[in-house]
Structures are given as structure tokens and as C-alpha cells.
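J.: Handing you a structure now.
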Amino acid sequence: MAKLLYIQASPRGQRSQSNQVAQAFLDAYKQKNPDDIIEKLNVFEADLPSFDGLAVQAKYTIMHGAEHTQEELQAWKEIENVIEQFKSADKYVLSVPMWNFSIPYKLKQYIDIIVQPGYTFSYDSQKGYTGLVTGKPLLVIYARGGQYAEGTKAQAYDLQKRYIEQIFGFMGFGDIKSIIVEPTLAAGAETAQARLKEAVEQAEKSARYF
Ligand SMILES: Cc1cc2nc3c(=O)[nH]c(=O)nc-3n(C[C@H](O)[C@H](O)[C@H](O)COP(=O)(O)O)c2cc1C
């Protein structure tokens, strides 16, 4: 019995294209793997701890190899709880809208919480950086209002997919699959509908082998 963590990063509920594609994936996945646990984390709804003040200080304390103060420990516990939930999964699905060519700020907050030395990556002066979350598949569903196809000029503006692949790769993910739904706005409603349908079909197919 595996645990799949679904991280949802659009606040648009049923209207969200990335959520709809993810839901199609999860429905098909559940049918194929009825005993697996699917845990959902919506980063806009979750009560994520702020990553400021004490939490940042606590991170530096770790990086300097020192011991946490009582106050830092308390703040760090909240960070650890989020990391623990993240690391407890065997498989991951992330649905993410493009916001200003990048990712929504709440997802960035989540990433700032989970990317921590000693938890999701390690550093060694000889070996450099090593990701600690390994051997687990990740499917990322990207939605964009415009189009950022490979080989086009627009691709350079895509800091969404590039960043997600870089930061999850940094944490050790080596098996990152993607489904892109685009353009959800720029070419009108009919095109958006057709692209959504294609992405849903792709999602249902990928669920068979995930
Ligand atoms: C704050 C905000 C910023 C956005 N910035 C971009 C952008 O830079 N490029 C783009 O192509 N679309 C942009 N969009 C459009 C969304 O990417 C598009 O509506 C997408 O379908 C959203 O994903 P969702 O439907 O899953 O919520 C933006 C939307 C919002 C709300």
C-alpha cells in the first residue's frame, strides 16, 4: 500500500485547469490502486508556518552546525512537521499554475519550508550537494494562460517548469514526469477546452503506469 501526496497549488478550485487534470489523474489512479492512500495538501488552504524570523534563524543555526535555542526549537518543530508529511509519501503529484512566468507564492512558501539541509538535501565539502528524497516518482501538471513550447522564443520566459524541475531535482527527485495544459487563456475558450481534454486523456493514461 503506497501513499501518494497530492500538492495542489491553484486556489481556483473546480475552475482550475491544473486541478481538473490532476483530478482526472487521481480518479484513474484510485481505480487502478484502490488500496493506496491519497493525501491532498492545498498550499492555499493549509496553515503553513511562515518562514521568517525564528524559522530562518533556526535554519542558519543548523547550517552553522550549532544547537537550537529553545525558541528556535519551537519554531523549527512546525517546519519539521511539514517536512515530515512531505517525506512520508511514496509518490507525488503536483498541480501548478503559471503566475508571472513562475509559480504561485504559496507554493514557493511550501518549497522554502521543505528544502532544508539534513532533511531533503545534504552538503559535504567533498561531495557537494546531495538530494535526500530519492527513488520516488513525481508527476507535475502545469497550467499556463499562454504558450511556452520548447524551441520557441517564449520558452525562455518559462520559469515555472524550469524551477520546479530544478528544485525537486535538487531534493533528489530523478523521475519527474510532466503534463502541460496550455494555452488556457491566450487562444480563446475553444482551444483551451480542446487542450484541457487532451491533457485529461494524457493524465488518465499516465495513471496506469504511475
Ligand atoms: C496572478 C496570476 C499571474 C499569471 N501570470 C501568468 C503568466 O505569467 N503567464 C501565463 O501564461 N499565464 C499567467 N496567468 C494565467 C494562468 O497561468 C492561467 O489562468 C492558468 O490556467 C492558471 O492555472 P489554473 O487554471 O490551474 O488555476 C496568471 C494568472 C494569475 C492569476
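All the letters of the sequence shown, read from the start, carry residue numbers 66 to 275 under our numbering.
Just so it is clear, CB atoms sit at the ideal spot from N, CA and C, and this is done for glycine as well.
1. I'd like to know if the region 225 to 237 and the region 190 to 201 are in contact, where contact means that at least 3 CB-CB pairs between them fall below 8 Å.
2. Can you check DSSP and say which residues form a bridge with Val161?
3. With distances taken between CB atoms, is the gap from Tyr213 to Ala111 smaller than 9 Å?
4. To which residues of the same chain is Ile179 closer than 7 Å at the C-beta, ignoring the five residues directly before and after it?
5. Going by DSSP, name the residue or residues bridged to Ile244.
6. Count the CB pairs spanning the region 73 to 82 and the region 124 to 131 that are closer than 8 Å, and state whether there are at least three.
7. Is it buried or exposed for Glu215, if we count other Cβ within 10 angstroms and need 16 for buried?
8. Return the chain-ordered list of same chain residues with a C-beta closer than 8 Å to the C-beta of Leu261, the five sequence neighbours on each side being excluded.
9. Scan the region 136 to 191 and note each continuous beta strand (DSSP E) run of 3 residues or more that stays entirely inside, going in chain order.
10. Report all residues from its chain with a CB closer than 6 Å to the CB of Ile229; omit the five preceding and five following residues, and keep chain order.
T.: Taking the structure as given:
1. yes
2. Here residue 161 refers to the residue found at position 96 of the sequence shown. Per DSSP, Tyr207.
3. Within the sequence shown, numbered from 1, the residue matching residue 213 stands at position 148. Within the sequence shown, numbered from 1, the residue matching residue 111 stands at position 46. No, the Cβ-Cβ distance between Tyr213 and Ala111 is not below 9 Å.
4. Walking along the sequence shown from the start, residue 179 turns up at place 114. Cβ within range, chain order: Val147, Ile148, Phe151, Thr185.
5. The residue given as residue 244 occupies position 179 in the sequence shown. For Ile244, which the question treats as bridged, DSSP gives the partners Ile206.
6. no
7. Your numbering for residue 215 matches position 150 in the sequence shown. Under this definition Glu215 is an exposed residue.
8. Taking the sequence shown and counting its residues from 1, one reaches residue 261 at position 196. Excluding positions up to five away in sequence, the list reads Gln82, Gln85, Val86, Val246, Thr249.
9. 156 to 162, 186 to 189
10. Looking up residue 229 in the sequence shown gives position 164. The residues are Val205.
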